[in-house]
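Notes for the one structure printed next.
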Amino acid sequence: MRTIKWIAVVLCMLVSGRGMAQLEIFSPIKEAIKANNAKEAVKYFNQSADINIEGEVNNYSKAQAEFVLGDFFKKHPVTDFTIAHTGSSPSGLKYAIGKYQSAGVSYNVLMRVKESDKKFFVHEISFIKE
């Protein structure tokens, strides 16, 4: 019985540790979004990224992405941004699901990151109005 409890504790630590590591990947971009700082946010973007704002999807360079996010932040200033869930696909693609709130309007946010040179970069971000 004691061995089963020990195994359960170790498994919980492993699972929560993996979740914490994934949160750390998304933490800097989360803070940039909470600050409505497009310039800081795109530091964590791939050289090009897909941005989906309310169903309009386009692929942008970092410079273009900064302009597009800045415009979105200006039109919809953040009142709160939280990440509710993180995970990864079997192929290693990591994702975060969150909620962006602005003046009574909420957006579901999906971010997907890929690893390159042992760093993670956003290659897709979506803001979909609830």
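For the sequence shown, position 33 (counting from the first letter as 1) is numbered 28 according to this note's numbering, and the numbering increases by one without interruption. Ideal Cβ placement from N, Cα and C applies to all residues, glycine included.
Local Cβ density within 10 Å of residue i, reported as buried at 16 or more and exposed below that
i    : result
E51  : exposed
T81  : buried
G87  : exposed
A16  : Residue confidence is low: A16 scores 48 on pLDDT, short of 50, so the model does not pin down where it sits. Its coordinate-derived value is still stated next. The residue is exposed, with fewer than 16 neighbouring Cβ atoms inside 10 Å.
V104 : buried
V108 : buried
Contact under 7 Å by Cβ, residue i with residue j
i    : j   : result
K57  : F68 : no
A27  : E19 : no
I133 : G65 : Past the boundaries of the shown model lies residue 133; the chain is included only from -4 to 125, so the question cannot be answered.
D75  : Q59 : no
I46  : V63 : yes
Beta-bridge partners of residue i, as assigned by DSSP
i   : result
I92 : H80, L105
A27 : According to DSSP, which records beta bridges pairwise, A27 is partnered with nothing at all.
D45 : N54, E119
Spatial neighbours of residue i in its chain, beta-carbon cut-off 6 Å, leaving aside the 5 residues before and after
i    : result
M106 : A91, V117, I120
Same chain only: Cβ atoms within 7 Å of residue i, ignoring 5 sequence neighbours per side
i   : result
E61 : A33, K34, V37
F43 : Checking the sequence shown, residue 43 turns out to be Ser, not Phe. Counting only Cβ-Cβ distances below 7 Å, and skipping sequence neighbours, we find N54, Y55, S56.
_To test your reading of the DSSP string, which unbroken beta strand (DSSP E) runs of 3 or more residues are found completely within the stretch 50 to 81?_
51 to 56
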